[in-house]
């Protein structure tokens, strides 16, 4: 169930919209009237969404994508940072330098670069909505996921800091902390890792991308006007604080 055309006239950039949470968010934003662009490693996106290829761990790719969106669709009103990787399911001592940098580069650096790129235009226009996708792992830490947990904790902390930087400008910045969601990102995890996460959800199931998209799109809308720097759990009861 959508909310008619609450994003009519808005321009949104969604990273990681080729699949999973990003795909669901981009689709809902489109259906509710936004002009939407997707930034992913491959130029793939839902129908009616401008597909852009780029690596979020490279700030130059993000700058180029923002310029393209502004040229083709207009100034960016909404940014949703959904691009991310789980990292390999490894004990801490098994994580190589390369794997650490890969996960932190995509999950943390990528969110920072995207936020930094769109904020000046949003501040200048006096309006913006930014939603960063963190994880319950960033609050609690998961075994076999040191890099992932650390990168998502960084997303939560930077969201708080960025939100305070722009609190008086009309730009609202929040993040979400999902528990395990049924998306292709699970293909990179061991069954042991997945079982650990599901067993800790009181509802006894994974979440769905559409459930997450509903929360993200509220945070990205005009209705979210007096909340910034917050972390919204969507965890089936795993986190209740």
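Residue numbers (this note's numbering): 1 to 241.
Cβ coordinates follow ideal geometry from the N, Cα and C atoms, glycine included.
Remember, predicted model here, so these are calculated numbers, not experimental data.
Check                                                                                                                                                                                    : Outcome
Looking at the strands, I want to know which residues DSSP matches up with residue 81.                                                                                                   : 15 and 132
Under 8 Å: do the segment 6-18 and the segment 195-214 share three or more Cβ pairs, one atom per stretch?                                                                               : no
What are the residues that DSSP puts in a beta bridge with residue 232?                                                                                                                  : 176
Kindly list the residues whose CB is nearer than 7 Å to the CB of residue 137, restricted to its own chain and excluding five residues on each side of it in sequence; keep chain order. : 145, 148, 149 and 152
In the DSSP assignment, find the unbroken beta strand (DSSP E) run with residue 40 in it and report its ends.                                                                            : 35-40
Report the three-state DSSP secondary structure of residue 62 (helix, strand or coil).                                                                                                   : helix
Taking the alpha carbon of residue 225 as the reference point, which residue from 39, 129, 186 and 134 has its own alpha carbon closest?                                                 : 129
Across the segment 85-105 and the segment 67-74, are there enough close Cβ pairs to call them in contact, namely three or more that are closer than 8 Å?                                 : no
Using CA coordinates, which residue listed in 181, 66, 127 and 47 is at the minimum distance from residue 15?                                                                            : 66
Between the alpha carbons of residue 154 and residue 107, how many angstroms are there, rounded?                                                                                         : 9 Å
Does DSSP put residue 213 in a helix, in a strand, or in coil?                                                                                                                           : helix
Roughly how many angstroms separate the alpha carbons of residue 187 and residue 38, rounded to a whole number?                                                                          : 22 Å
Whole angstroms are fine: how far does the CA of residue 232 sit from the CA of residue 163?                                                                                             : 14 Å
Can residue 257 and residue 36 be called in contact, C-beta distance under 7 Å?                                                                                                          : Residue coverage of the chain in this structure runs from 1 to 241, which leaves residue 257 outside it and unanswerable.
Under three-state DSSP, which class holds residue 108?                                                                                                                                   : helix
Tell me which residues share the same chain as residue 176 and place their Cβ nearer than 8 Å to its Cβ, disregarding the 5 neighbours each side in the sequence.                        : 131, 132, 133, 134, 212, 215, 216, 219, 231, 232, 233 and 234
For residue 158, count neighbouring Cβ atoms within 10 angstroms of its own Cβ and tell me buried if that reaches 16, exposed if not.                                                    : buried
In terms of residues, what are the limits of the alpha helix (DSSP H) holding residue 29?                                                                                                : 20-31
Tell me which same chain residues have a C-beta within less than 8 Å of the C-beta of residue 21, skipping the five on either side of it?                                                : 82, 133, 178, 181, 183, 209, 212, 213 and 216
Considering only the beta carbon of each residue, do residue 227 and residue 6 sit closer than 7 Å?                                                                                      : no
Hey, could you find the ends of the alpha helix (DSSP H) residue 53 is sitting in?                                                                                                       : Where residue 53 is concerned, there is no enclosing alpha helix (DSSP H), although the beta strand (DSSP E) it sits in stretches over 50-53.
Here's a check: name, in chain order, each residue in its chain whose Cβ is nearer than 7 Å to the Cβ of residue 52, leaving out the five neighbours to either side.                     : 37, 38, 39, 43, 65 and 68
My output table needs one value for residue 138: the three-state DSSP class, helix, strand or coil.                                                                                      : helix
Start and end of the alpha helix (DSSP H) containing residue 163?                                                                                                                        : 146-165
Quick one, are the C-beta atoms of residue 26 and residue 63 less than 7 Å apart?                                                                                                        : no
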